[in-house]
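Chains S, F and A are the protein sequences, given in the same order. One gets my numbering by counting positions in the first sequence from 1 and adding 9 to each. One gets my numbering by counting positions in the second sequence from 1 and adding 40 to each. One gets my numbering by counting positions in the third sequence from 1 and adding 88 to each.
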Amino acid sequence: MSVKQQELEKSWQQYKTQQRKKNLYYAFLTVLSVVVFLAIWEAVVRFQLVNVRHLPAPTVIFQTFIEKLHSTVPDGNTLGQNVIASLQVSLTGFFFAVLIGVPLGLLMGWFEPFDSFVRPLFELLRPVPPIAWIPVVVVFLGIGLKAKATIIFLTVFVSCVINSYAGIKLTSRTHINLMKTFGAGTWETFFKVGVPSAMPMVFTGLRVSIGSAWSTLVAAEMLAAKAGLGYMLQVGRGVGDARIVVLAMVTIAALGATLSALLNTLEAHTLKWKEMR
Amino acid sequence: MDALKKCLEVEHISKTFYNNKGYFTAIDDVSFDVHEGEFLVLLGPGHCGKTVLLNILAGLEEKSGGRVLYKGQEINGVNEEMSMVFQLLSLMPFKTVMENVELPLKFRGMDKKQRREVAQHYIDLVGLTGFENAYPHQLSGGMKQRVGIARAYSVHPEILIMDEPFGQLDAQTRYLMQQEILRIWQEEKRTVIFVTNNIEEACYLGDRIILLSSCPATVKEIFDMSALAKPRDIVSREFLEIRSKISDQTDLSM
Amino acid sequence: MFTANKKKSILYRLLMMVLSVSSVILLLAAYRAVALANPLLLPSFDQIGERFVKLFTTPIKGVPLTAHVIASLRRVLIAMGFAWVLGILFGFSIGWSRTLNAIFGTIFELFRPIPPIAWIPIVIMWFGVGEFPKELIVFIGSVIPVVVNTRSGVMYVEKQYTDVARAFGASRFQMLKEVVLPSAIPSIFAGLRTSVSTGWTVVLAAEMLAADRGVGALVMRGWMGNDMALVLISISVIAIIGAILSFTLIKLEKVVCPWMH
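Here you go:
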């Protein structure tokens, strides 16, 4: 090894140490802020600076969490049963919406006659917030799995269609012409160039909609359900037990975050060719 | 040569980039002088660290070794006497032509009326009169580059650094802009350091050409072009001779 | 898709128009058929018309439809005003400073996954059912997209723009004012657009769960009183107002950002 190379090697090691220190500093700040936040919360409740009945301390919430794993008070389900009920509803609705919405959006973006026919209907229904559909759906389908899954379906469906539509419209002319030059038909071009070009936008749609699906689900379960995390939230409020309410909120948030993390992983795997920021 | 005053001395500059996976040397021990009032061209292939070198001169990038002297004084970081025309046009898309050109003056705290006047002078000089209130996206590639040039001139720099300013232009516009840059340079005499990967452009514009090698960038050879009067005839024999001499020395990797 | 064939025949365009119109007609016809088959579940068009008139002649809770709309709008606009100002300021600070992001951005990330609607029960427990709790819930819902988008707009300012500012000797404040802020505006506006639709959805949920005025309360009253005509009218009003709100924002964006195509 030449002297020059040794020197470079040395400064590289220095660089790495420096970088590690910097990352550690920010990681430390991140952890510290969470700890301080929880400590302040705990202290505020312990020293009764707020009404304890309305704000349980973090430790109490954890205790409730352990109890709720096997206790069915007050909503008649254990936490696990509620989680499963909510996941079942949201994933069923999500699955069907993606299955129908994505191809519909892609076709609308590719074939103009199809677009002309479907778009007016779509534009009429689009501005209705999904929550507003709850009464209509419940009147027809009751308050079971089917009804709530339908509401989730409506929520996810809209953003699936919009984003697939916008995505496939972004297909570059050059790629289409290239396919034509090679003698590919409309359908072949659609599958080999249009659909892959639309994929990043399709995923954007999925990411947006998993969030709103989860949020709509909570609303649906608060308004019409016999199980699920939204139902637990509503019953907790009904009996005035803030511990149940906050535990439900924490669980909803944790599951929601997990779902989006899963989707991000899926996206990273599917869109390997795309450079991610 | 001794009669020419040294304006900028670049001494043993090197630059190594590090990341967690390893390191990479972009510039290795580059030294050259820049003379006052000359049009100096740095010619080098594709990605050979030319932009990095300019960024070091402009103070945008830290150097790993060596030093830069401006009129005998060592300089570090951003220097008021230098100004830059960027490779990516780098015009602010949210500012009009006028606002883009007067932005550097605003940074230097010039009052509004005065900076309007100065900016207008350079907008006129680059031939964009009438487009003061246009946004960059409304302009053609060549016009955008004129804005970039006006912006760089607006601060009255001693040294103008131009980083492949015409790289994004089509051949026709590029040729036109080369003539334009000579016209502007002759009207407002400044020291220019011009980077390009195009041999013909280098021969057409440069008083001297510093030929850089491929990665890591080192100085390969320095050509004195001052014998050829400007504007140069690109099909004259002298021109073609020197052109082929340079291209024999050039690394072809792009 | 094949936009290159710009010059399409008049006949083709006419056909497309016929397709568009016929789909709407088909939808209305389908509704009518379903309503006829289930007269108890869905009202006919006549009944909907009658119900609409009745909203003004015998108003619900003593106020006509317009007052309910205004009640909802008021809640949304007040909450959104605060959400925009505070959200942009907060998003800006955590986008600008990595230290602030490590401290306060983390806390924000803890709260972010809680759907705004899930806040409703606890907020009601804390503050009752007045105006403030509803505005607070709308605020929570609409501040999140503003913060997220402002932060990423500031964090991901293109290096070429900050390089220009640095090369010309901008101070930190000048960099912020002349470069970072304007280049983050498109991203901030994306956040504002999302906040409007979220805010409008959340106010609806809040009113459905606890209110006696507002469009959400109308939906709830129709549902509970087995008055489907009222439900459908309310949904249409909600959709129209929502569409107007997002349209206004798009117009506003064009005024504020004249450089965007």
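Beta carbons are placed, not taken as given, at the ideal position from N, Cα and C, and that holds for glycine. All values derive from a computational prediction rather than experimental measurement.
Nonlocal neighbours in the same chain, by C-beta distance under 7 Å from T236 of chain F, ignoring five residues either side: V81, L83, E204, A242
R283 of chain F versus L245 of chain F: straight-line alpha-carbon distance, rounded: 12 Å
Contact set between the region 229–256 of chain A and chain F, restricted to residues whose Cβ is under 9 Å from the partner: E246, Q248, Y249, D251, V252, A253, R254, A255, F256
Contact under 9 Å by Cβ, C169 of chain S with S218 of chain S: yes
Meets three-Cβ-pair contact criterion under 8 Å: the region 195–203 of chain A and the region 248–267 of chain A: no
The ligand NAD heavy atom lying under 8 Å from the CB of I202 of chain A: With respect to the ligand NAD, the structure offers nothing, as it holds no ligand at all.
Nearest-angstrom Cβ-Cβ length linking G89 of chain F and C255 of chain F, presumed shorter than 8 Å: 6 Å
Beta-carbon spacing of Q185 of chain F, Q218 of chain F below 9 Å: no
Candidates S:L163, S:V82, S:L116, S:M188: closest to G176 of chain S by CA position: S:L116
Same chain only: Cβ atoms within 8 Å of D273 of chain F, ignoring 5 sequence neighbours per side: F279
Cutoff 8 Å; reference M294 of chain F; Cβ partners in own chain excluding five residues on either side: Caution applies to M294 of chain F, whose pLDDT of 43 falls short of 50 and renders its modelled position unreliable; the model cannot decide the point.
Pick from A:S259, A:V245, A:M316 that is closest to V268 of chain A, judged by C-alpha positions: A:V245
Euclidean distance between Cα positions of G169 of chain A and I201 of chain F: 46 Å
For T65 of chain F, the residue or residues it bridges with in DSSP: F:T56
Contact with chain A by G265 of chain S, beta-carbon distance below 9 Å: yes
Under 9 Å (Cβ pairs) to chain S, residues found in the region 54–67 of chain F: T56, Y58, N59, N60, G62, Y63, T65
Given 8 Å, three or more beta-carbon pairs between the region 269–289 of chain A and the region 328–339 of chain A: yes
Complete runs of the alpha helix (DSSP H) confined to the region 141–191 of chain A [at least 4 residues]: 153–184
Which listed residue (S:K25, S:V98, S:K19) has its alpha carbon closest to that of K155 of chain S: S:V98
Terminal residues of the alpha helix (DSSP H) in which I93 of chain S lies: 88–119
Among A:V284, A:T187, A:I232, the one whose alpha carbon lies nearest that of Y34 of chain S: A:T187
Amino acids of chain S, ordered along the chain, whose beta-carbon sits closer than 9 Å to that of I202 of chain A: M258, V259, I261, A262, G265
F126 of chain F to G188 of chain F span [Cα, whole Å]: 7 Å
Cβ neighbours of M241 of chain S in the same chain (closer than 6 Å, five flanking residues each side left out): D84, N91, A257
Every unbroken alpha helix (DSSP H) inside the region 137–208 of chain S [4 residues or more]: 143–150, 154–178, 182–190, 195–198
Below-9 Å beta-carbon distance, I195 of chain A vs any chain S residue: yes
Inter-stretch contact (C-beta, 8 Å, three-pair minimum) for the region 137–151 of chain A and the region 203–210 of chain A: no
Chain-ordered neighbours of L242 of chain S on chain A, where CB pairs are closer than 7 Å: A206, P209
Residues from the region 114–142 of chain F in contact with chain A, defined by Cβ distance under 7 Å: V118, E120, M124, F126, L128, S130, M132, P133, F134
Reduced DSSP category for D42 of chain F - H, G, I as helix; E, B as strand; rest coil: Reliability of the predicted coordinates at D42 of chain F is poor, the pLDDT of 47 falling under 50, and no value is obtained from them.
Proximity below 9 Å, CB of G99 of chain F to CB of A258 of chain A: no
Neighbourhood of L163 of chain S by C-beta, 7 Å cutoff - its chain only, sequence neighbours within 5 removed: P139, W142
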